[in-house]
Every structure is written in structure tokens, then in C-alpha cells.
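Peer 1: For the record, the sequence lines run as chains L and R. Sequential numbering of the first sequence, starting at 32, is according to the numbering used here. Sequential numbering of the second sequence, starting at 32, is according to the numbering used here. Glycine is no exception: its CB is placed at the ideal position from the N, C-alpha and C atoms. Fair warning: this is a prediction, and the values are worked out from it, not measured in the lab. First, the structure itself, so that you have it in front of you.
Number of protein chains: 2
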Amino acid sequence: MSDAVSDTEPHAAFSQHDHAHCVATTLQQAERVATERGLRLTPVRRRVLEILLERHSAMGAYDVLERLAEEGFGHQPPVAYRALDFLVANGLAHRIRRINAFIACDHPGEAHHAAFLVCETCNGVAEIPADGLRAMLEAGARSTGFAIGRATIEAAGQCPECRARAEQGTDNEAQE
Amino acid sequence: MSDAVSDTEPHAAFSQHDHAHCVATTLQQAERVATERGLRLTPVRRRVLEILLERHSAMGAYDVLERLAEEGFGHQPPVAYRALDFLVANGLAHRIRRINAFIACDHPGEAHHAAFLVCETCNGVAEIPADGLRAMLEAGARSTGFAIGRATIEAAGQCPECRARAEQGTDNEAQE
DNA sequence: TATTGACTTGTGATAACATAACACATATCT
DNA sequence: AGATATGTGTTATGTTATCACAAGTCAATA
Numbered sequence: 032m033s034d035a036v037s038d039t040e041p042h043a044a045f046s047q048h049d050h051a052h053c054v055a056t057t058l059q060q061a062e063r064v065a066t067e068r069g070l071r072l073t074p075v076r077r078r079v080l081e082i083l084l085e086r087h088s089a090m091g092a093y094d095v096l097e098r099l100a101e102e103g104f105g106h107q108p109p110v111a112y113r114a115l116d117f118l119v120a121n122g123l124a125h126r127i128r129r130i131n132a133f134i135a136c137d138h139p140g141e142a143h144h145a146a147f148l149v150c151e152t153c154n155g156v157a158e159i160p161a162d163g164l165r166a167m168l169e170a171g172a173r174s175t176g177f178a179i180g181r182a183t184i185e186a187a188g189q190c191p192e193c194r195a196r197a198e199q200g201t202d203n204e205a206q207e
Numbered sequence: 032m033s034d035a036v037s038d039t040e041p042h043a044a045f046s047q048h049d050h051a052h053c054v055a056t057t058l059q060q061a062e063r064v065a066t067e068r069g070l071r072l073t074p075v076r077r078r079v080l081e082i083l084l085e086r087h088s089a090m091g092a093y094d095v096l097e098r099l100a101e102e103g104f105g106h107q108p109p110v111a112y113r114a115l116d117f118l119v120a121n122g123l124a125h126r127i128r129r130i131n132a133f134i135a136c137d138h139p140g141e142a143h144h145a146a147f148l149v150c151e152t153c154n155g156v157a158e159i160p161a162d163g164l165r166a167m168l169e170a171g172a173r174s175t176g177f178a179i180g181r182a183t184i185e186a187a188g189q190c191p192e193c194r195a196r197a198e199q200g201t202d203n204e205a206q207e
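This is the structure we're talking about:
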């Protein structure tokens, strides 16, 4: 049975790691980007980014809103949506359409195309590089004369951890 | 400025074509598939497929529902969603997440992965083959240990027709 | 510092998309 | 016909997203 998979490098989203460090680093990068481009990383916007960074799963706009409200920001949907849209527009966060949710970008500032792996069991989301995918997609579109602006590439499935758990469960069903 | 693109074969969704024929063919294929697999292509389901086939743009569930209601079917959202979900589950239609809409499958029955080109101007949607994209996506996921179930690949941009119109508009602005 | 203009935040209201739960009908199989 | 599974329709509600407008903030500058 073995672990045909566990010998590969697991993605940060799907493994133990020094999360405090990972948050700090990404936040720092984001701040650098904002400064460089003259973006206004206001309190709400910054706080939303921090909230997203707390975890590697995506959050719905209303979940973010709830947090904001608790902390004294506005209580209405546009408060959350505006901040999220700002982050997405400036590459500091991504929108995951399959689950109507948002996630902080892994490496803001670096021009890149990303694809997302969405675990259907734990709702974790991993960002993987998609420059190659994007190129291939453009090649496909070219033959139709279509000009691509933005692309959404998302895969739903099971992350390594949940897959392992599922196998355990299979080995030993009748419990509970 | 040439036409680096206009000498390629345009996609059916983005060009003139014998649509009646294109509908009939696809519907026939769909029926064959349903028979082969023992699916029950009931009146509502079949009608929804026909409605989707009328155009090469995607329709929202509520647009479909409105049509159904006019024709004597149920008036409540589940009526449309259930039929649409059935069609999607059986590969007779696809869901376009970027615009919360549904579109008939171009070639039901043939096992395939598809990507979609969504025109932001006219809302037309073209389905293009994505087996290569899928393979590349899986390769990318493999290194994280992630097991892909379904994938969503969508590009937003401008179709050749709308692009042409836009250029005309640019040549000759000031008109209304 | 007062003014201006662009941008940001907050609000109430509402639109758009989607599902839950249940009753009844219809199909299939025996 | 009776039993079972599946499909349809309904009411009700949940979830996601946007509109329109008022008020506040900020930076540039006269």
C-alpha cells in the first residue's frame, strides 16, 4: 500500500509548517508590492488580507465580513466585497469560483498565473503555478480567434492528508 | 494590421453556421447517449437541453426556469436546477462558474475534458478541447499529492466578432 | 489653512443564485 | 396490484453579490 505519494514534497497548504513565518513573509511581500505600486493598503484591506492569511483554506465574503464586524469595521456586505475585490484586482488574493470564496495569494508581486487545488473534504486550497497551463489555454483559444483576458483554473479533489485519512477509514470501516 | 487570426477556422459559437442542423445533431447525440446509458431524458430535462441548445451563450438557471414556466412546467427554482444538474452530471451540459450559467455540451457522449472561452462582451461561450490541459493540470497536482476529481477551466476575454467590432469602434469613435 | 477632487468607508435596500424539506405523481419490477 | 425507487412541483429559506447614496479621509495646492 505504501505511500506512492508521501515521498514528494507536500504543498504548504497541505502540511505542517511554520505558519506564523509564512504569514509574516507574505504580508511583508504584500506591503512591498503595495508601496511599489502606490496602492493604499488601508486598515480594512490590510486586515482582510491578514484574515485570509490566517489559514490556507479559502473564506467566503460573509465569513470575512463577520470577522470585520467583530473588530469594529462595517457590518454590510460591500465592506467585505470591496476589500476582497481590491486584493484580487491587485494580485494579493485570489477568488476561488468553485466555492465562492477568497484566498490570500501565496507570492504576491511576482507576475504569475495560478491554478488552484480545492480539497472537497477539508476545503483546503493550494495554489500551484499555471504559466504552462495558461500558455496552453492561449494556444487553444488562438485557433478560435478568441483573446483571453483572465483565466480560472481550478481542480476539485482530495488533498494528500484527507486521502490518507480516507484510506485508513476504508481499511477499517464499521466504526462509529 | 493584418489578420493573424482571421485565417483560422472560427469556432461555431463565434460564427455564422447552420444552427438548426447543429441543434438537431447534438440533440440526437444526446438522445443516443441517454438511451445507451439508461438515463431518463424526461420532458423537462429534454426541454431544458433544447432551450440551452437554442444558443451558444450560456443561460442562468432562472432564465431557463422562466422559459419552463411559460411552457407549463413548474415555476420554482428547483425545477430548473434539478434538470440542469441532471444534464451536467451526465455530460449533456456544462456549468460555467464564472458567470453562474449553463450551456449545452458540444459533443455529448464522447469522453472529453473541456475548457470554455467566455466572451465578456456578447456572453457567447465556446467549448474547446482540454484533454491536454487536464493532463498538465494533473501533472502539476501530482507533485503535491493531490488527487483531482473534476476541473474547471474557463477563460474570460473577447471573441473574434466582438473584437472586430471593438476595433471598428476604435477607428471611428464619436458615434453615440 | 481652506478648497478641491479623487478615493474610501459605511449604510439600507435589494438583486441574483441556490438548496432544504415535504407532498404527490409516475415509472419499473415483481 | 403492490412495493420501491425516481421524478416533479411547491413553499420556504439560505447564500452570495450588487446598487445607490451619504459621509469621511487624504493629498495636492492655491
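#1: Which residues, in order along the stretch 163-180 of chain R, keep a beta-carbon less than 7 angstroms from a beta-carbon of chain L?
#2: Measure the CB-CB distance between L/A43 and L/V79 and report whether it falls below 8 angstroms.
#3: What are the boundary residues of the beta strand (DSSP E) that R/C150 is part of?
#4: Are the C-beta atoms of L/R194 and some chain R residue less than 8 angstroms apart?
#5: So, are the CB atoms of R/I143 and R/D162 less than 8 angstroms apart?
#6: Report all residues from its chain with a CB closer than 7 angstroms to the CB of L/L96; omit the five preceding and five following residues, and keep chain order.
#7: Measure the alpha-carbon distance for L/H125 versus L/R77 and round it to whole angstroms.
#8: Mark R/E158 as exposed unless 16 or more other C-beta atoms lie within 10 angstroms of its C-beta, in which case mark it buried.
#9: So L/A239 and L/A146 are supposed to be a Cβ contact under 8 angstroms. How far apart are they, rounded?
#10: Rounding to the nearest angstrom, what Cα-Cα distance links L/L168 and R/I184 in this structure?
#11: Any chance you could list the alpha helix (DSSP H) runs of at least 4 consecutive residues sitting entirely within the stretch 93-148 of chain R, in chain order?
#12: For the beta strand (DSSP E) that R/G188 lies in, which residues bound it at each end?
#13: Tell whether a beta-carbon distance below 8 angstroms holds between L/T175 and R/P191.
#14: Are L/A132 and L/G91 close, meaning C-beta to C-beta below 8 angstroms?
#15: Distance check for L/N154 and L/I127, CA to CA, integer angstroms please.
#16: So with CB distances below 9 angstroms, who are the chain R contacts of L/Q189?
#17: To which residues of the same chain is R/Q47 closer than 7 angstroms at the C-beta, ignoring the five residues directly before and after it?
#18: Do R/E62 and R/L72 have their C-beta atoms closer together than 8 angstroms?
#19: What would DSSP say about L/E158, mapped onto helix, strand or coil?
#20: Verify the CB distance criterion: does L/E198 have a CB-CB separation below 8 angstroms to chain R?
#21: What is the residue span of the alpha helix (DSSP H) that L/L84 lies within?
#22: Taking the straight line between their C-alpha atoms, what separation do you get for R/G188 and L/A182?
#23: For L/A65 and R/G103, I'd like the C-alpha separation in whole angstroms.
#24: Using the beta-carbon of each residue, which ones in chain L are nearer than 7 angstroms to R/I134?
#25: Output, in sequence order along the chain, the residues in the stretch 120-146 of chain L whose CB is closer than 8 angstroms to any CB in chain R.
Peer 2: Quick look at the numbers:
#1: Those residues of the stretch 163-180 of chain R that come within reach of chain L (Cβ to Cβ, closer than 7 angstroms) are G163, L164, M167, L168, G171, A172, S174, T175, G176, F177, A178, I179, G180.
#2: Their beta carbons are not under 8 angstroms apart, which means L/A43 does not touch L/V79 by this criterion.
#3: If you look at R/C150, you'll find it in the beta strand (DSSP E) that goes 145-150.
#4: The Cβ of L/R194 sits closer than 8 angstroms to at least one Cβ of chain R.
#5: Reading off the sequence shown, one finds His at residue 143 of chain R, where the question assumed Ile. Contact: yes.
#6: Counting only Cβ-Cβ distances below 7 angstroms, and skipping sequence neighbours, we find P108, V110, A111.
#7: The straight-line gap from Cα to Cα measures roughly 15 angstroms.
#8: Under the 10 Å beta carbon count, R/E158 is surrounded by 16 or more other beta carbons and is classified as buried.
#9: This structure gives no information on residue 239 of chain L, because the portion of chain L shown stretches from 32 to 207.
#10: Their backbone Cα atoms lie some 9 angstroms apart in a straight line.
#11: Every unbroken stretch of the alpha helix (DSSP H) spanning 4 or more residues and falling wholly within the stretch 93-148 of chain R is given here in chain order: 108-120.
#12: Where R/G188 is concerned, the enclosing beta strand (DSSP E) stretches over 178-189.
#13: Yes, these two residues count as a Cβ contact at 8 angstroms.
#14: Judged by beta-carbon spacing, L/G91 lies within the 8 angstroms limit of L/A132, meaning their Cβ atoms are closer than that value.
#15: Answer to the nearest angstrom: the Cα atoms are 11 angstroms apart.
#16: Around L/Q189, the beta-carbon contacts reaching into chain R at under 9 angstroms are F177, A178, I179, G180.
#17: None.
#18: Yes, Cβ-Cβ distance for R/E62 and R/L72 is below 8 angstroms.
#19: Residue state, collapsed to three classes: strand.
#20: No, L/E198 lies away from the interface with chain R (no Cβ there is under 8 angstroms from its Cβ).
#21: From DSSP, the alpha helix (DSSP H) with L/L84 extends over 74-84.
#22: So the alpha carbons of these two residues sit roughly 9 angstroms apart.
#23: Whole-angstrom Cα-Cα distance: 56 angstroms.
#24: The contact set of R/I134 on chain L, defined by CB atoms closer than 7 angstroms, is empty, because the minimum CB distance reaches about 15 angstroms.
#25: Here the close residues are R128, R129, A146.
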